[in-house]
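Chemist:
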Amino acid sequence: MKRLTILLISMLIIIMNYPNHSEAAEGKAAFIRKDGLWLKDGDVERRLVEGTKLSHPKFSSDGMYISYMSGEGEAKELWVYNRVTRLKRNVFTGEVEMPRWSPANQMLAWKSGSILNVIDVSKPATSFQNVTLGAGNYSWTPDSKGFVVSSSSNLEPDGWTAVQIFTVPADAKGDLKKVKKITTLPEMSESFFAIGTTTFKWGMKNSVFAFIACPTASMSADSNTLMIVSRKGSTTKMIANMLNNPNWFHWSPETERLAFIKGIGRLVSENKRLTLWDTRSGKEVDLGFQGYADGDFTWRSDREIVVSRQIEWGWEVPEEKRSKPFLALVDTTTKSAKRLTQPEKGAADEYPKTLPDEAIIWVRTFAISNQSKVMKKIDLGTKETVWIDKLAKPTEEYYGWPSVLDVYQGK
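Our numbering puts the first residue of the sequence shown at 29, with every later residue one more than the last.
#1: My understanding is that I14 touches C242, with C-beta atoms under 8 Å, so please give their C-beta distance in whole angstroms.
#2: Does the beta-carbon distance from N165 to T211 come in below 7 Å?
#3: Exposed or buried, which one is P353 when buried takes at least 16 other CB atoms within 10 Å?
#4: With C-beta atoms as the reference, is S248 less than 7 Å away from D330?
#5: Distance, Cα to Cα, W429 vs G438?
#6: So the candidates are L271, I289, N269; which of them puts its Cα closest to the Cα of H278?
#7: Find the nearest neighbour of S219 within the set T195, S246, N252, A200, judged by alpha-carbon distance.
#8: Using the three-state DSSP reduction, which class does A376 fall into: helix, strand or coil?
#9: Please list, in chain order, all residues of the same chain as L76 whose beta carbon is under 6 Å from its beta carbon, the five residues on each side excluded.
#10: If you count every other CB in all the chains shown that lies within 10 Å of the CB of R308, and 16 or more means buried, which is it?
#11: Looking at the unbroken alpha helix (DSSP H) that takes in M97, where does it start and where does it end?
#12: In chain order, which continuous runs of the alpha helix (DSSP H) of length 4 or greater are located wholly inside the region 344-403?
#13: Tell me the residue span of the alpha helix (DSSP H) that contains A245.
#14: Nearest-angstrom Cα distance between T121 and H84?
#15: Starting from W429, trace the beta strand (DSSP E) both ways and give me its first and last residue.
#16: As a quick exercise: from T160, L136, A375, pick the residue whose alpha carbon is nearest that of T154.
#17: Does the region 335-354 come within contact of the region 369-380, defined as at least 3 CB pairs closer than 8 Å?
#18: Looking only at its chain, what residues have a beta carbon closer than 6 Å to the beta carbon of T264, apart from the 5 residues adjacent to it on each side?
#19: Can you tell me the Cβ-Cβ gap for R328 and L304, rounded? I've got them flagged as a contact below 8 Å.
#20: Let's see if you can read the secondary structure: which residues bound the beta strand (DSSP E) around F239?
#21: With 16 as the cutoff for other CB atoms within 10 Å, does T410 come out buried or exposed?
#22: Can you name, in chain order, every residue of its own chain whose Cβ lies under 7 Å from the Cβ of K208, other than the five neighbours on each side?
#23: Between which two residues does the beta strand (DSSP E) harbouring K208 extend?
#24: Pull the bridge partners of Y109 from the DSSP assignment, please.
#25: Go to V313, then tell me how far its beta strand (DSSP E) extends in each direction, as first and last residue.
#26: Roughly how many whole angstroms lie between the Cα atoms of L419 and E184?
#27: Alpha carbon to alpha carbon, what distance is there between L106 and M232?
#28: With distances taken Cα to Cα, identify the nearest neighbour of D69 among D63, F87, D171, G79.
#29: Look at the alpha carbon of W341 and the alpha carbon of I389, and state the distance between them as a whole number of angstroms.
#30: Find out if the Cβ-Cβ distance for the pair I292, N269 is shorter than 7 Å.
#31: On a CA-only basis, which of E312, D186, V177, K206 is nearest Q192? Give me that one, please.
#32: Indicate the three-state DSSP secondary structure (helix, strand or coil) for N145 in the structure shown.
Take a look at the structure:
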């Protein structure tokens, strides 16, 4: 009887604390400060994990878990924090990169070298499993049953080998017979060159996925190829040239339209324009504004996009005269835009995200400070407020703001 009572109490605690749909609408973020991992839940903040050198917080799809990394270089640890029990668990130690939660359950994947691993954190006694070897980049399939995985090209005497894309079930356990090839990207030519890919992003109907095909590092700094491939590989299209930034291409929430920042050249402050591509018509729509360069953006609805935009400048412009980004709201139907934010002198507004209730948050940085803030507008006509103060700046520029901030997207 005593054991039954304890069990019932435990179940009640879990039900009371388990993330639900209504709390998702309030807005939640996991973020890093210099003293640890924090949770922002509506207007309430609390520190979850104390420590330094923490990074890459990421919510599970149901919001119950937050994964994060500890350490630097190749000696890293991958941890999972349970929001219900408030306990943390070390799931892997070693070389860790690309931790990603499945979209429909409590399974976490990551890469260690070229090995793709996975673990079901809902089972405390379960250890991680190897999925496949030779993984370059990867993403979960929408049904959470497996992965889309790209290979990395190899340099041979006659040139670079072509990048291949595969599907791999989550329970493959290294069995090559379970790996199915989707497509092979074009070989190196004057018009195309790729030795790897970014993550894959699925369109709304899950019939196609988009990604950036990337050449060698020196070339990738100036130009890469945005592509789409159909689920079974029957269609492969090159859409445009752009920089290697996974945050610069996003599908619209409910339609098969792909928005991206088009333009070549490693300088982000020139020749970068918000662009829209429709899978049905194949037409491209320029949503940029003459004399301005676009960057990070988020879909607010199927019609509206919030983009970080700045007056164009080149290397010849003195640093003290270079403009800083602000946020603009772009109407994809009328192609009109209006300014949303007026950051103070020396401040920059970037990395906008849409909360489940359609409120907008973004990161505001300051030229004279190592700390940043997350700002928030509940409605486009309301006054902006500071949502998160003293946000740590990314220590690794390549990973950017996702290495210190994750916004829960559950509905």
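We put the beta carbon where it would ideally sit given N, CA and C, even for glycine.
Modeler: A quick look at the data gives this:
#1: Lying outside 29 to 439, the shown extent of the chain, residue 14 is not represented and no answer is given.
#2: In the sequence shown, counting from the first residue as 1, residue 165 sits at position 137. In the sequence shown, counting from the first residue as 1, residue 211 sits at position 183. Contact: no.
#3: The count along the sequence shown starts at 1 and reaches residue 353 at position 325. That one is buried.
#4: If you number the sequence shown from 1, residue 248 lands on position 220. If you number the sequence shown from 1, residue 330 lands on position 302. Taking 7 Å as the Cβ cut-off, S248 and D330 do not qualify as a contacting pair.
#5: Stepping through the sequence shown from its first residue, residue 429 is reached at position 401. Stepping through the sequence shown from its first residue, residue 438 is reached at position 410. Spanning the two alpha carbons is a distance of roughly 20 Å.
#6: As a working mapping, residue 278 is identified with position 250 in the sequence shown. Scanning L271, I289, N269 for the CA closest to the CA of H278 turns up I289.
#7: Start at 1 with the first residue of the sequence shown, and residue 219 comes out as number 191. Measuring from the Cα of S219, the nearest candidate turns out to be N252.
#8: If you number the sequence shown from 1, residue 376 lands on position 348. Three-state result, A376: strand.
#9: On the sequence shown, residue 76 is found 48 positions in, with the first residue counted as 1. Residues of the same chain with a CB within less than 6 Å of the CB of L76, apart from the 5 flanking positions on each side, are L65, L67, Y109 in chain order.
#10: Taking the first residue of the sequence shown as position 1, residue 308 is located at position 280. Here R308 is exposed, its C-beta having fewer than 16 other C-beta atoms within 10 Å.
#11: Here residue 97 is taken as the residue at index 69 of the sequence shown, counted from 1. Run containing M97: none in the alpha helix (DSSP H); it sits in the beta strand (DSSP E), 93-98.
#12: Listed in chain order, there is nothing to give.
#13: What you label residue 245 is simply residue 217 of the sequence shown in a count that begins at 1. It spans 245-248 - the alpha helix (DSSP H) in which A245 sits, taken as one unbroken run.
#14: Start at 1 with the first residue of the sequence shown, and residue 121 comes out as number 93. Start at 1 with the first residue of the sequence shown, and residue 84 comes out as number 56. As the crow flies, the alpha-carbon of T121 is around 15 Å from that of H84.
#15: Taking the sequence shown and counting its residues from 1, the one referred to as residue 429 is at position 401. In this chain, W429 is not harboured by any beta strand (DSSP E), its DSSP state being neither H nor E.
#16: Working through the sequence shown from its first residue, we reach residue 154 at position 126. Distance check between T154 and each of T160, L136, A375 places L136 closest, using alpha-carbon atoms only.
#17: Enough Cβ pairs lie closer than 8 Å, so yes.
#18: Residue 264 sits at position 236 when you count from the first residue of the sequence shown. Cβ neighbours of T264 within its own chain (closer than 6 Å, five residues either side excluded): T211, V257.
#19: Walking along the sequence shown from the start, residue 328 turns up at place 300. Walking along the sequence shown from the start, residue 304 turns up at place 276. The Cβ separation is near 14 Å, so there is no contact.
#20: Looking up residue 239 in the sequence shown gives position 211. F239 -> beta strand (DSSP E) spans 236-242.
#21: As a working mapping, residue 410 is identified with position 382 in the sequence shown. Exposed, by the Cβ-count rule.
#22: Position 180 of the sequence shown holds residue 208. Cβ neighbours of K208 within its own chain (closer than 7 Å, five residues either side excluded): F194, T195.
#23: Translated into the one-based positions of the sequence shown, residue 208 becomes position 180. Unbroken beta strand (DSSP E) run through K208: 208-212.
#24: Here residue 109 refers to the residue found at position 81 of the sequence shown. Looking at the DSSP output, Y109 shares a beta bridge with I94, K116.
#25: Here the question's residue 313 lines up with position 285 in the sequence shown. That run of the beta strand (DSSP E) goes 312-314.
#26: In the sequence shown, counting from the first residue as 1, residue 419 sits at position 391. In the sequence shown, counting from the first residue as 1, residue 184 sits at position 156. Rounded to the nearest angstrom, the gap between the Cα atoms of L419 and E184 is 45 Å.
#27: Against the sequence shown, residue 232 aligns to sequence position 204. Against the sequence shown, residue 106 aligns to sequence position 78. M232 and L106: Cα-Cα distance of roughly 31 Å.
#28: Locating residue 69 in the sequence shown gives position 41, counting from the first residue. The shortest C-alpha separation from D69 is found at F87.
#29: Taking the first residue of the sequence shown as 1, we reach residue 341 at position 313. Taking the first residue of the sequence shown as 1, we reach residue 389 at position 361. Going by the C-alpha atoms only, they are around 26 Å apart.
#30: Your numbering for residue 292 matches position 264 in the sequence shown. Your numbering for residue 269 matches position 241 in the sequence shown. When the beta-carbon positions are compared, I292 and N269 come within less than 7 Å of each other.
#31: Locating residue 192 in the sequence shown gives position 164, where the first residue counts as 1. Residue V177 is the option with its Cα nearest to Q192.
#32: Stepping through the sequence shown from its first residue, residue 145 is reached at position 117. Here N145 sits in strand by DSSP.
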